[in-house]
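The sequence shown begins at 1 in this note's numbering and counts up by one.
Structure first, commentary second.
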Amino acid sequence: MKFPFHGLMAPVLTPFTDDSEQNLKLEEITKYAKFLNSIGITAVLVNGTSGEGMSMTVAERKAVTEAWVTAVKETRQTLMVQIGGASIRDVQDMAKHCESLKVDGLLCLPDLFNKPGTIEDLVNYLHLVSKSAPKTPLLYYHLPGYTGVNLDMAKFLNAAAAEIPTFCGAKFTHTDLQEGARCLEAAGGNLSLFLGCDQIMAGAYILGFDSAIATTLNMLPGPSQKILAAVKNNNNSEALQEQRKLTKAIDVMTRNGGWVATMKAAMNVMTPINVGAPRPPLKALTKEHIQQLKEELRTLKLIS
Numbered sequence: 001m002k003f004p005f006h007g008l009m010a011p012v013l014t015p016f017t018d019d020s021e022q023n024l025k026l027e028e029i030t031k032y033a034k035f036l037n038s039i040g041i042t043a044v045l046v047n048g049t050s051g052e053g054m055s056m057t058v059a060e061r062k063a064v065t066e067a068w069v070t071a072v073k074e075t076r077q078t079l080m081v082q083i084g085g086a087s088i089r090d091v092q093d094m095a096k097h098c099e100s101l102k103v104d105g106l107l108c109l110p111d112l113f114n115k116p117g118t119i120e121d122l123v124n125y126l127h128l129v130s131k132s133a134p135k136t137p138l139l140y141y142h143l144p145g146y147t148g149v150n151l152d153m154a155k156f157l158n159a160a161a162a163e164i165p166t167f168c169g170a171k172f173t174h175t176d177l178q179e180g181a182r183c184l185e186a187a188g189g190n191l192s193l194f195l196g197c198d199q200i201m202a203g204a205y206i207l208g209f210d211s212a213i214a215t216t217l218n219m220l221p222g223p224s225q226k227i228l229a230a231v232k233n234n235n236n237s238e239a240l241q242e243q244r245k246l247t248k249a250i251d252v253m254t255r256n257g258g259w260v261a262t263m264k265a266a267m268n269v270m271t272p273i274n275v276g277a278p279r280p281p282l283k284a285l286t287k288e289h290i291q292q293l294k295e296e297l298r299t300l301k302l303i304s
């Protein structure tokens, strides 16, 4: 089975209300989808790490998915949904729900408590998930820095492609580009492999990646778009120049907090979309840090 999209995909942030309840702000999602479409983003990942999927209940994750399904009917954006990070029954339930909504693809983490210790364990887990959505492309979410699961990805991809009818690739959120290059060759090079690290795009594209799921596409898509275009045009020096610009901006954005908290703050400051603060246990930026963020973004001429 093939995943129908290659290119740049934004892992969307989940909008929460700006109060102590931090309820879902579903009414912001159609506006969000239209904004991303207006800046050239034609694909989105819902309920991933940046989307705080694992900080929501299953009912909330379904509600967010449904809101995005409605939104992309108008914008025609490709829609992938991350369903992992829950009990196997809940993951299967979300897979079935997503298939009923006809999403374009599923992304799935490994089990986060009963971690797979072997490639066979991980393939068996994803096989169980795939049976609940037998018509929907399934990708694996390789995120060893969070999950602690760091198996040989090239060998895993070969095994999964051979044994799971719906399996079609992975989000590779790792800085090991040697392993990434091996993954590109897995299953005869016929899988979809999305880079998940904004800071190493240029190097990854030069090695053969052609797709990414990158949080900064939400609020700063220009450098990423230029990096990919430059590499395709064999202009590696321009790609490296744009990568340095993007990395410098990320350094500013993430100076005073964790990845999700700082990306939500940057989204609120840099765009017309208000996604609120992250849910606990993640810590929101202080007012002082948000003011510092604004000042440094002005210095980089990223906001007026």
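Cβ atoms here follow ideal geometry from the backbone N, Cα and C, with glycine treated the same way.
- Under the three-state reduction of DSSP output, ILE200 falls in the helix class.
- The Cβ neighbour count for SER304, taken over all protein chains shown within 10 Å, is under 16; the residue is labelled exposed.
- The C-beta separation of ALA249 from LEU302 comes to about 6 Å, placing the pair in contact by the 8 Å criterion.
- According to the DSSP assignment, SER304 belongs to no alpha helix (DSSP H), since it is labelled neither H nor E.
- With respect to GLN77, ALA133 sits apart: the two C-beta atoms are not nearer than 8 Å.
- If you check the CB distance, LEU207 and ALA170 do not come in under 8 Å.
- Cβ contact annotation for MET54 (same chain, cutoff 6 Å, sequence separation greater than five): GLY85, in chain order.
- Annotated three-state conformation of VAL44 is strand, per DSSP.
- Each of LYS232, HIS174, SER20 was checked against the Cα of ILE213, and the nearest Cα belongs to HIS174.
- Under the DSSP definition of a beta bridge, PHE156 lacks any partner.
- Restricting attention to beta strand (DSSP E) runs no shorter than 3 residues, the stretch 90-135 encloses them at 105-108, ordered along the chain.
- Here PHE113 is exposed: its Cβ has fewer than 16 other Cβ atoms, across all protein chains shown, within 10 Å.
- With distances taken between CA atoms, THR247 lies nearest to CYS197 out of LYS2, LYS294, CYS197, GLN82.
- In this structure, PRO280 keeps its C-beta atom at 8 Å or more from the C-beta atom of VAL260.
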